[in-house]
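Asker: Those protein sequences? They're chains W and C, same order as listed.
Numbering of the first sequence is given in the working numbering, commencing with residue -19 and proceeding in unit increments.
Numbering of the second sequence is given in the working numbering, commencing with residue -19 and proceeding in unit increments.
C-beta atoms are modelled at their ideal positions from N, C-alpha and C, and glycine is treated no differently.
For reference, the structure I am asking about is given below.
2 protein chains.
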Amino acid sequence: MYRIGELAKACKINNDTLRFYEKNGLLSPSNRSDSGYRLYSEKDKEILQFILRAKGVGFSLAEIRELLSIEVDKANNACADVKELVDAKLLDVEQKLAELTRFQTSLKRLSDACCGGEKSAEHCTILEALESDTSQIRHEHHHYKAH
Amino acid sequence: MYRIGELAKACKINNDTLRFYEKNGLLSPSNRSDSGYRLYSEKDKEILQFILRAKGVGFSLAEIRELLSIEVDKANNACADVKELVDAKLLDVEQKLAELTRFQTSLKRLSDACCGGEKSAEHCTILEALESDTSQIRHEHHHYKAH
DNA sequence: ATAAACCTTTGAGTTAAGTCACAGGTCAAG
DNA sequence: CTTGACCTGTGACTTAACTCAAAGGTTTAT
């Protein structure tokens, strides 16, 4: 069991952020001490790490909350609804993966091209690297969500 | 050449966002009409799409600005500096890729497990799906940047 | 027994990334 | 020749995601 300060420190975030996540339904400590101290379990820590990772790859807290809430109502077995959500997120993730893979290819190309040769300077922009990406992924109806 | 409204519409963003990006050094139209209208080229559009994609995978505008500024000073051939930056970003991207791949695996597992069988309900949480991920990627010194 | 860590509530402040609204003026298309 | 799209500048507003502060009180560690 971690106390708030311990967990925060371990995950390099602010105590207030944990309280904030709690207030916003992302993560509640699974226990409280007799004196009312928040007590986070190992599992809570994993949830937190999940949240932080998800944030890192561009999910908003709202989306993360949604992901975390994916839990079949075991009584009702409302699986179909869940599957829909999951599949939507899966698409999202796959799109992000595709984008990132392009980035990776381009950056690699840049890195290789850069200091390797002498004539390198000609092709030292991500954009140029991206442009020369012949295996370009094009999404016909790619949409960006509004901020 | 696109006028501001045309480009904005094409990329489903606000005119003001384009002006905002310009003011913040992310994208300036490569031309102006005699009357002062912003005129965006095809290349400008590509830059914009790059920006939007990069945002989508969790890069901040500051990071994107940095990525866009990766351009060897062709006179000075300051390649070494560039390579350093590129390699740092590459690490970043690879970390994100690893995270996303985990997400993907988990979500797939969820999707498959969900409506497939009757005993499915037992394993219907991303966290459970993540936990059962035996090929887990663990980063010893994984750090998250402060917001 | 005292300092550091925690609690609650309330509320204000911050940063990033926009978005909206004037005001006053120019430009372009039907 | 008027309407809609654009220009500049200024500044206020918004949302997300924190972050800090203050006030008053309890708990834990040394």
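So is Gly16 (chain W) buried or exposed if we call it buried at 16+ other beta carbons inside 10 Å?
Answerer: As a working note, residue 16 (chain W) is residue 36 in the first sequence. Under this definition Gly16 (chain W) is an exposed residue.
Asker: CA-CA distance, Leu19 (chain W) and Ala78 (chain W)?
Answerer: As a working note, residue 19 (chain W) is residue 39 in the first sequence. As a working note, residue 78 (chain W) is residue 98 in the first sequence. Rounded to the nearest angstrom, the two C-alpha atoms are 39 Å apart.
Asker: Whole angstroms is fine: what's the gap from Glu26 (chain C)'s alpha carbon to Gln84 (chain C)'s?
Answerer: On the second sequence, residue 26 (chain C) is found 46 positions in, with the first residue counted as 1. On the second sequence, residue 84 (chain C) is found 104 positions in, with the first residue counted as 1. Each residue's Cα considered, the two are about 28 Å apart.
Asker: Between the alpha carbons of Ile31 (chain W) and Ile44 (chain W), how many angstroms are there, rounded?
Answerer: The sequence position of residue 31 (chain W) within the first sequence is 51, counting from 1. The sequence position of residue 44 (chain W) within the first sequence is 64, counting from 1. Roughly 7 Å between the two C-alpha positions.
Asker: Using a beta-carbon distance below 8 Å, is Ser(-13) (chain W) in contact with chain C?
Answerer: Counting from 1 along the first sequence, the entry for residue -13 (chain W) is found at position 7. First, the residue type needs correcting, since residue -13 (chain W) is Leu and not Ser in the sequence shown. It does not: the Cβ of Leu(-13) (chain W) has no partner Cβ on chain C nearer than 8 Å.
Asker: Going along chain W, which residues have a C-beta under 9 Å from Ser8 (chain C)?
Answerer: Indexing the second sequence from 1 puts residue 8 (chain C) at position 28. Under the 9 Å cutoff, chain W gives no residues; its nearest Cβ is about 14 Å from Ser8 (chain C).
Asker: I want to know whether the region 59 to 75 of chain C touches the region 86 to 94 of chain W - three or more CB-CB distances under 8 Å.
Answerer: Short answer: they touch.
Asker: Per DSSP, which one or two residues make a beta bridge with Asn(-5) (chain C)?
Answerer: Here the question's residue -5 (chain C) lines up with position 15 in the second sequence. Per DSSP, none; premise fails for Asn(-5) (chain C).
Asker: Given Leu(-13) (chain W), which residues of its chain have a CB within under 8 Å of its CB, disregarding the five upstream and five downstream residues?
Answerer: Here residue -13 (chain W) refers to the residue found at position 7 when the first sequence is read from its first residue. The answer, listed in chain order, is Leu(-2), Tyr20, Asp24, Lys25, Leu28.
Asker: Can you find a CB in chain W that lies within less than 8 Å of the CB of Gly16 (chain C)?
Answerer: In the second sequence, counting from the first residue as 1, residue 16 (chain C) sits at position 36. Gly16 (chain C) does not count as touching chain W.
Asker: Starting from Leu19 (chain C), follow the beta strand (DSSP E) in both directions and report where the run begins and ends.
Answerer: Working through the second sequence from its first residue, we reach residue 19 (chain C) at position 39. Counting along the chain, the beta strand (DSSP E) containing Leu19 (chain C) begins and ends at 18 to 20.
Asker: With a threshold of 6 Å on Cβ separation, who are the neighbours of Ile(-16) (chain W) within its own chain once the five nearest residues in sequence on each side are excluded?
Answerer: As a first step, residue -16 (chain W) is located in the first sequence; it is residue number 4 there, counting from the start. Taken in chain order, the residues that qualify are Asn(-5), Leu(-2), Arg18.
Asker: Exposed or buried, what is Ser40 (chain C) when buried is set at 16 or more other beta-carbons lying within 10 Å of its beta-carbon?
Answerer: Here residue 40 (chain C) is taken as the residue at index 60 of the second sequence, counted from 1. Counting Cβ neighbours within 10 Å, Ser40 (chain C) comes out exposed, since fewer than 16 surround it.
Asker: Looking only at its chain, what residues have a beta carbon closer than 6 Å to the beta carbon of Asn11 (chain C), apart from the 5 residues adjacent to it on each side?
Answerer: The residue given as residue 11 (chain C) occupies position 31 in the second sequence. If we look at Asn11 (chain C) and ignore the five residues flanking it on each side, its Cβ neighbours are Leu19.
Asker: Is Thr114 (chain C) helix, strand or coil when you go by DSSP?
Answerer: The residue you call residue 114 (chain C) lines up with position 134 of the second sequence. Because Thr114 (chain C) carries a pLDDT of 39, less than 50, the predicted location of this residue cannot be relied on, and no value is offered for it.
Asker: Under 8 Å, Cβ to Cβ, is there at least one residue of chain W near Lys63 (chain C)?
Answerer: One-based indexing of the second sequence puts residue 63 (chain C) at position 83. It does: the Cβ of Lys63 (chain C) has a partner Cβ on chain W nearer than 8 Å.
Asker: Per DSSP, which residues does Asn11 (chain C) bridge with? Please list them.
Answerer: In the second sequence, residue 11 (chain C) corresponds to position 31, counting from 1. Its beta-bridge partners are C:Leu19.
Asker: Alpha carbon to alpha carbon, how far is Phe0 (chain C) from Glu46 (chain C)?
Answerer: Locating residue 0 (chain C) in the second sequence gives position 20, counting from the first residue. Locating residue 46 (chain C) in the second sequence gives position 66, counting from the first residue. Between Phe0 (chain C) and Glu46 (chain C), the C-alpha separation is close to 17 Å.
Asker: By a C-beta neighbour count over all protein chains shown, 10 Å radius and 16 as the cutoff for buried, is Ser13 (chain W) buried or exposed?
Answerer: Along the first sequence, one-based indexing puts residue 13 (chain W) at 33. Its Cβ having fewer than 16 others within 10 Å, Ser13 (chain W) is exposed.
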